[in-house]
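Each remark here refers to the structure printed beneath this line.
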Amino acid sequence: MSSSLSPDAAADAAPVYSLEFFPPRDIAAQERLVRTAKQLQGLHPHFASVTFGAGGSTRDGTMLAVSMLQKLGYEAAPHLSCIGSTPESLRDILYAYRQAGIRRLVALRGDMPSGMGDMGELRYARDLVEFIRRETGDWFHIEVAAYPEMHPQAQGPEADLDRFVEKMQAGADSAITQYFFNADAYFDFVDRATAKGVLAPIVPGIMPITNYTQLARFSDMCGAEIPRWIRLRLASYGDDRASIRAFGHDVVTELCQTLLDGGAPGLHFYTMNQADATQAVWKELER
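Residue numbers for the sequence shown follow the numbering used here, beginning at 1 and rising by one.
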């Protein structure tokens, strides 16, 4: 399946690479993140996003990680989720980010923490995008999420696509996808979004493969499909971490090259706060 992006259009602009980190929970994790960020800084990523826990549970940690990345020279893009948050608390966060010179956000619905019953006034990502635009105008470049293989809670592929289109129409500038291992799923999603009038960049999210058990758990939670042949190969290696990493590197590098050759505007790497796997794929693509 081919992308709706023409080869000429893809050739006009160099692909934009970016990273994702999550906020560290203790001093040791903070030190690891600093080491990872410094190691990956040499790749000159366009920006680095920082996740935001369910219901704002990592709000302070997100802000601290963003500040740390800024001091290292990164353009930092904090995630911001609306579910379970009040407009007042979101307004305070937006003000703090403006004061800190942040110009890019990743706007998400987010997950409801267990035990929290109030979803809040803003229930969907499109509501958050509209709120950010009302409060801050064009100050922020707003990224939103896209799901080439469908959001696990969506009623169906078309309904899921419609929700994505609504987020873009609400004022989003570009999108980052959930990770996937089937390039056709991405190209099909881009084609269907383009047919509905979405012309903004939709950047593939890339998950390096370093740990099969962890990858399987994440994928089952978020609805990302691991193709059967990949699952079987990974499972066959057992505890052989070197073989898992080598095979994972080949799979992910080939996926990335296929996406770029098909016209993807860039790649967004879910680093899991580790540098080596992302760095290895990135350097392979630059050869």
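Virtual Cβ for every residue (Gly too), placed ideally from N, Cα, C. None of these values were measured; they are calculated from a predicted model.
Beta-bridge partners of residue i, as assigned by DSSP
i	result
histidine 141	Arg104
glycine 171	The partner list for glycine 171 (beta bridge, DSSP) is empty, contrary to what the question assumes.
glycine 53	For glycine 53, which the question treats as bridged, DSSP gives no partner whatsoever.
leucine 267	Tyr17
alanine 48	Leu19, Ala76
alanine 146	Thr177
Alpha helix (DSSP H) segment containing residue i, residue limits
i	result
histidine 249	241 to 261
leucine 80	It is not in any alpha helix (DSSP H) - leucine 80 instead sits in the beta strand (DSSP E) that spans 76 to 81.
alanine 29	27 to 41
alanine 216	212 to 222
lysine 196	Premise fails: lysine 196 is in no alpha helix (DSSP H) and is neither H nor E.
isoleucine 230	228 to 236
arginine 109	Arginine 109 -> no alpha helix (DSSP H), and no H or E assigned at all.
Simplified DSSP state of residue i, which is helix, strand or coil
i	result
glutamine 178	strand
glutamate 286	coil
phenylalanine 131	helix
proline 87	helix
glutamine 274	coil
proline 204	strand
alanine 154	coil
glutamate 121	coil
isoleucine 209	coil
glutamate 225	coil
Nearest to residue i (by Cα), restricted to the options the options
i	options	result
glutamine 178	Glu286, Ile202, Phe140, Gly238	Ile202
leucine 128	Pro148, Met63, Leu105	Leu105
alanine 172	Trp139, Glu149, Ala96	Trp139
alanine 275	Thr194, Leu33, Gly205	Leu33
alanine 125	Arg98, Ala175, Asp92, Pro157	Ala175
proline 157	Val144, Met168, Ala193	Ala193
cysteine 82	Ala37, Gln99, Glu130, Gln41	Glu130
leucine 199	Val165, Ala185, Thr213, Ile206	Val165
alanine 242	Phe269, Arg228, Ile226, Ala277	Ala277
histidine 46	Arg103, Asp220, Met168	Arg103
arginine 59	Ala37, Asp92, Leu161	Asp92
glutamine 257	Gly223, Ala65, Ile206	Ile206
Distance between beta carbons of residue j and residue i, contact taken as under 8 angstroms
i	j	result
glycine 262	alanine 183	7 angstroms
proline 23	alanine 77	Proline 23 to alanine 77, Cβ: 13 angstroms. No contact.
Range of the contiguous beta strand (DSSP E) that encloses residue i
i	result
phenylalanine 21	16 to 21
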